[in-house]
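Residue numbers (UniProt numbering): 1 to 349. Cβ coordinates follow ideal geometry from the N, Cα and C atoms, glycine included. Each remark here refers to the structure printed beneath this line.
This is the structure we're talking about:
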């Protein structure tokens, strides 16, 4: 599998050898570990933080989570917060979304490496392409992080399995430390949610799509122009049209082709509207509650809603395309919660 350009160049620059371990595209590090038989304690992941001094990458085992208070203390940077999704995407433009390779120097940012790796002979790192891991020797991993800080920046975090429905309970002995770290008490969170009167400002593409939905004279050409004006949105529409779900065997050469030949006007409008509206929320991409997992669940729900709607009697007047949009955005409040309470959401994730 092809590595991100900056990762490949940096490994070559330092003359570091590696073995690529291919794995299926999955939604979590736990699934990657299960597919490859690699223990989470030997799988290196990264999280990116920011403050007024700039960006900082924390490298730690997949079996643990960042202890934000320890990180701030180790670095002497009390204002560190998780970096925004847009910032991470811009930094890692050659990587698949959500696949953060724990090799900070390749992207010219500072890093701190958790001390838990010291006892590992071999370490497996996220490659950045969402399809493979890189097996490296311990000494090569530390060579990659020459000049990085090292410290105890993590705490044990039990992986969250899909389908778990029990409540997350914060033990009393750590509740105080969370509050001291700047997290809001639960009653204050409830108060702020009840006080929400407006959603974040929608991106321009979302506003144009809403106007188009209410235009009885809208055409495929009008919709194509809006989607094409947003490269990221256009790429997602083309990728969706080429998915196995639609089983289109021809070649999709344009957004117009994707709409007219595969998805249809209403389907494309609803998909694009959901994706564009979701960009107003700056939630973390990774983790079982992150944006990647959110959209994975949302698309499955949307497809199921559309399929069920198509089976209903026509006289009921349920439009499959509208059912798709309802399924896609049925958990929209979850995005708002993560957007409003970033620190609390990161701990929960």
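- Annotation for residue 41: 61, 63 place their beta carbon closer than 6 Å to its own, counting only its chain and skipping 5 residues before and after.
- A Cβ-Cβ contact shorter than 7 Å links residue 323 with residue 306.
- For residue 139, there is no enclosing beta strand (DSSP E); the residue is part of the alpha helix (DSSP H) that begins and ends at 138–144.
- Straight-line measurement puts the Cα of residue 87 at about 15 Å from the Cα of residue 101.
- For residue 126, the enclosing beta strand (DSSP E) has its first and last residue at 122–126.
- Of the candidates 76, 23, 127, 18, the residue whose Cα lies closest to the Cα of residue 4 is 127.
- Rounded to whole angstroms, residue 294 and residue 345 show a C-alpha spacing of 13 Å.
- For residue 142 and residue 136, the gap between their C-alpha atoms comes out near 10 Å.
- The stretch 229–294 is shown to contain whole alpha helix (DSSP H) runs of 4 or more residues at 231–241, 265–278, in chain order.
- Excluding sequence positions up to five before and after residue 219, its CB lies less than 7 Å from no other CB in the same chain.
- Within a 10 Å sphere around the beta-carbon of residue 22 sit fewer than 16 other beta-carbons, which makes this residue exposed.
- In the three-state reduction of the DSSP assignment, residue 82 falls in the strand class.
- Cβ-Cβ distances below 8 Å link residue 290 to 98, 283, 284, 349 in the same chain, with the five nearest sequence neighbours on each side left out; the list follows chain order.
- DSSP places residue 21 inside the beta strand (DSSP E), whose first and last residues are 19–22.
- Bounds of the alpha helix (DSSP H) holding residue 75 are 68–75.
- Counting C-beta pairs with one atom in each stretch, the stretch 210–217 and the stretch 266–282 have three or more that are closer than 8 Å, which means they touch.
- Sixteen is the threshold: when 16 or more other Cβ atoms of the shown chains lie within 10 Å of the Cβ of residue 91, as they do, the residue is buried.
- When rounded, the separation of the alpha-carbon atoms in residue 18 and residue 331 is 41 Å.
- Within 10 angstroms of the beta-carbon of residue 221 lie fewer than 16 other beta-carbons, which makes it exposed.
- Within the same chain, Cβ atoms closer than 8 Å to the Cβ of residue 129 are found at 1, 2, 3, 4, 95, 96, 99, the five residues on either side in sequence being excluded.
- As a beta-bridge residue in DSSP terms, residue 132 pairs with 22.
- In terms of CA proximity to residue 111, 59 leads the group 259, 59, 227.
- DSSP lists 48, 111 as the beta-bridge partner residues of residue 57.
- The beta carbon of residue 47 is closer than 8 Å to those of 57, 58, 60, 66, 82, 100, 286 in its chain, skipping five residues each way along the sequence.
- In the assembly as shown, residue 146 is an exposed residue. Its beta-carbon has fewer than 16 other beta-carbons within 10 Å.
- The shortest C-alpha to C-alpha distance from residue 264 to any of 281, 246, 279, 278 is the one to 246.
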